[in-house]
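According to UniProt numbering, the sequence shown is numbered sequentially starting from 1.
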Amino acid sequence: MSRTPPSPEAGPRVRRSQAGNSLIEFALVLGVFVMLVFAIMEFSRAVWDYSIVSSAARDGVRYAVVRGAESGSVASAADIQAYVRSRAMGLTPLGITVTWTPNNRPGSIVAVQVGYDFTAAIPFYAAAFHLASRSQMEIAQ
1 MSRTPPSPEA GPRVRRSQAG NSLIEFALVL GVFVMLVFAI MEFSRAVWDY SIVSSAARDG
61 VRYAVVRGAE SGSVASAADI QAYVRSRAMG LTPLGITVTW TPNNRPGSIV AVQVGYDFTA
121 AIPFYAAAFH LASRSQMEIA Q
C-alpha cells in the first residue's frame, strides 16, 4: 500500500471572515495587560510612600525620645515636625502630630503620627487615599 504525500494545499485553512480575529484579540488583550501593569506600578508606588511615612514616624519618635526635658537639648513639637519633614524624602504635604503623655520628662510616652494623602499618577484612577503611621516610645532620659 502506497501513501501519497499530502499536498501543500491541505494545510490549515483560514476563512476570510476570520482573517483579522487574531489582530483584534491582540489589541483587546494588550489594553488589559497595559492597564494591569500600570495598576501594579501604582500599587508599588503606594507601598513605597507608606514605607517612607512609616519610617519618618519611627525616626521622629526616636528623635523625640533622646531629646526629653532632662536632656541637654530639649526638642519642641516644631523641632520634631521639622525633623520628620526632613526624613520624608519629598512627600508633601505631611500631617504631623506630636504628643507627650503626660509631659516630656523621662518615663513619659511620646507619640508621633504622620499622615500623607496619596494620589495616583494614572488618569483613570483619580481617587486619593490617606496613608498614616503612628509610632510611640518611652522617654528614657
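The beta carbon of each residue, even a glycine, is placed where N, CA and C say it ideally should be.
Only a predicted model underlies this, so the values are computations on that prediction, with no experimental measurement involved.
Task: For TYR63 and ALA82, the rounded distance between their alpha carbons - done: 11 Å
Open item on the list: If the criterion is Cβ atoms closer than 8 Å, does the pair VAL114 and LEU94 meet it?
Closed with: yes
Open item on the list: Any contact between the region 48–57 and the region 122–136? By contact I mean 3 or more CB pairs, one from each, below 8 Å.
Closed with: yes
Task: Of the residues VAL61, PHE118, VAL110, ILE40, the one placed nearest LEU91, counting alpha carbons only - done: PHE118
Open item on the list: Does GLY31 pass the burial test, meaning 16 or more other C-beta atoms within 10 Å, or should it be called exposed?
Closed with: exposed
Task: Residue range of the alpha helix (DSSP H) that includes GLU42 - done: 21–65
Open item on the list: To the nearest angstrom, how far is the alpha carbon of VAL74 from that of VAL112?
Closed with: 16 Å
- [ ] Ignore the nearest five residues each way along the sequence and tell me which others in ARG87's own chain have a CB closer than 8 Å to its CB.
- [x] SER55, ALA56, ASP59, GLY60
- [ ] Consult DSSP for VAL74 and reduce its assignment to one of helix, strand or coil.
- [x] coil
- [ ] Put ARG105 into one of helix, strand or coil per three-state DSSP.
- [x] coil
- [ ] Quick one: grab the DSSP three-state call for GLN81.
- [x] helix
TODO: Can you give me the start and stop residues for the beta strand (DSSP E) that ARG134 sits inside?
DONE: 128–138
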